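Shown next, in structure tokens, is the structure this report addresses.
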Amino acid sequence: MPRQMPAHQRTTSLRHPAEVPLFAFMVVLNVAVVVAILRAAFVVPFLPDELQDSVFANTVRGALIALLLLVPGLIVVREVQRASVRGTAVQLSERQFPDLYRTAEDFASTLGLRRRPDIFLTNGNGALNAFAAQATGHDYVVLSNELFANLHENNRDGLRFILGHEMGHIRLHHVALWYQLAVAYSQRIPILGPTLSRLREYSSDRHGAHLAPDGAVGLVLLASGRYTETDVDVDQLVGQGRDLRGFWVGLAQLPRSHPFTVRRLERLFALGFFRATAAPQEEGMVTGYR
241 MPRQMPAHQR
251 TTSLRHPAEV
261 PLFAFMVVLN
271 VAVVVAILRA
281 AFVVPFLPDE
291 LQDSVFANTV
301 RGALIALLLL
311 VPGLIVVREV
321 QRASVRGTAV
331 QLSERQFPDL
341 YRTAEDFAST
351 LGLRRRPDIF
361 LTNGNGALNA
371 FAAQATGHDY
381 VVLSNELFAN
391 LHENNRDGLR
401 FILGHEMGHI
411 RLHHVALWYQ
421 LAVAYSQRIP
431 ILGPTLSRLR
441 EYSSDRHGAH
451 LAPDGAVGLV
461 LLASGRYTET
471 DVDVDQLVGQ
481 GRDLRGFWVG
491 LAQLPRSHPF
501 TVRRLERLFA
511 LGFFRATAAP
521 QEEGMVTGYR
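Going by the working numbering, the sequence shown runs without a break in its numbering and finishes at 530.
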């Protein structure tokens with residue numbers, strides 16, 4: 241198990257250096273958006289004074305005030321989502337998938353989490369998915385069974401990386417209500433919102449790789465799909481990520497909430513978070529990753 245780090249090291253060395261500055265800018269922008277909405281609700285812009293009390297102006301005011309309902313709406317969504325997860329997924333415990341449960345407990349201790357997140361296993365219906373979230377008094381992680389069921393060694397190392405990644409989101413407060421409210425409006429701005437989201441993913445990747453330095457197969461799985469993840473030449477895939485540059489690559493990345501998978505993989509190797517341990521090569525087989 242990775243050694244437990246001091247709190248200040250956990251919050252500085254594993255977070256992407258650009259995340260906090262952009263977040264601070266987005267908070268200021270968020271405040272500006274709210275002020276603009278409130279101001280426009282009182283004095284509808286671009287309308288002359290004689291039309292400020294018209295039906296059209298009052299309709300616009302109503303629409304602007306409705307935008308402020310995003311705040312209570314966000315709270316409702318958070319609570320309903322957790323209720324739905326509890327009703328449709330299996331909560332891990334000492335009796336339900338005990339090995340994975342104990343791994344989550346160890347990770348929570350290593351990261352110094354204030355409270356232990358609940359871990360749920362859900363039917364992925366073919367999707368390779370996991371997410372972290374929060375509701376009142378509870379942090380939790382939901383893992384798709386597609387991430388390990390019937391895979392080589394149950395994708396042990398890859399699953400550890402994915403779990404660590406999601407717990408990184410919790411450790412960095414990405415799922416906290418105050419964080420989401422702080423950028424509730426500004427994160428919906430094209431380009432800026434996805435850019436902040438990608439930085440959050442890079443930060444959480446570093447947490448996942450710190451907790452599971454042999455977990456590169458977790459990202460390989462996302463790139464190649466189930467049943468092929470152990471046949472991928474990881475060195476070549478990392479090289480593919482290293483070569484992923486240019487105008488069109490940057491343009492394609494702009495609207496995406498997650499960085500390109502091969503770039504995430506390459507970054508973690510370049511920064512020394514992942515360590516490569518090549519599986520023995522068998523005759524007629526492609527070099528794989530254990």
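The beta-carbon is built from N, C-alpha and C at its ideal position, and this holds for glycine as well.
All figures in this text were calculated on a predicted structure; none of them were measured in a lab.
- Under the three-state reduction of DSSP output, TYR467 falls in the coil class, being neither helix nor strand.
- When the Cα atoms are used, ARG446 and VAL381 turn out to be separated by approximately 17 Å.
- Using a C-beta cut-off of 8 Å, the segment 449-460 makes contact with the segment 471-478, since at least three inter-stretch Cβ pairs fall below that distance.
- Here DSSP, grouped into helix, strand and coil, assigns ASP473 to coil.
- For ALA348, same chain residues with a beta-carbon under 7 Å away, outside a window of 5 residues either side, are ARG356, PRO357, MET407 in chain order.
- By the criterion of a C-beta distance shorter than 6 Å, TYR419 is surrounded in its chain by HIS413, once the five residues flanking it on both sides are discounted.
- The segment 421-434 and the segment 493-500 touch, with three or more beta-carbon pairs separated by less than 8 Å.
- A contact is defined here as three or more CB-CB pairs under 8 Å, and the segment 328-346 fails this definition with respect to the segment 368-378.
- Within a 10 Å sphere around the beta-carbon of GLN336 sit fewer than 16 other beta-carbons, which makes this residue exposed.
- In this chain, the alpha helix (DSSP H) harbouring HIS447 covers 432-451.
- For VAL382, the enclosing beta strand (DSSP E) covers residues 378-384.
- Counted as a single uninterrupted DSSP element, the alpha helix (DSSP H) harbouring GLN321 occupies residues 310-328.
- Looking only at HIS450, GLN331, ALA367, GLY366, the smallest Cα-Cα distance to ASP379 is reached by GLN331.
- Boundaries of the alpha helix (DSSP H) around PHE487: 487-493.
- Of the candidates PRO312, VAL423, SER426, LEU387, LEU387 places its Cα closest to the Cα of LEU361.
- PHE401 is positioned such that its CB atom lies closer than 8 Å to that of ALA452.
- In this structure, LEU278 lies away from ALA424, with their beta-carbon atoms at least 8 Å apart.
- Membership of GLN420 in any beta strand (DSSP E) is not indicated; the residue belongs instead to the alpha helix (DSSP H) covering 417-422.
- Annotation for ASP397: the continuous alpha helix (DSSP H) segment containing it runs 396-411.
- Residue range 358-362 is occupied by the beta strand (DSSP E) that includes LEU361.
- PHE513 carries a coil assignment under DSSP once its states are collapsed to helix, strand and coil.
- DSSP lists no beta-bridge partner residue for GLN427.
- DSSP places ALA272 inside the alpha helix (DSSP H), whose first and last residues are 259-282.
- Within the same chain, Cβ atoms closer than 7 Å to the Cβ of LEU439 are found at HIS256, ALA258, GLU259, LEU262, the five residues on either side in sequence being excluded.
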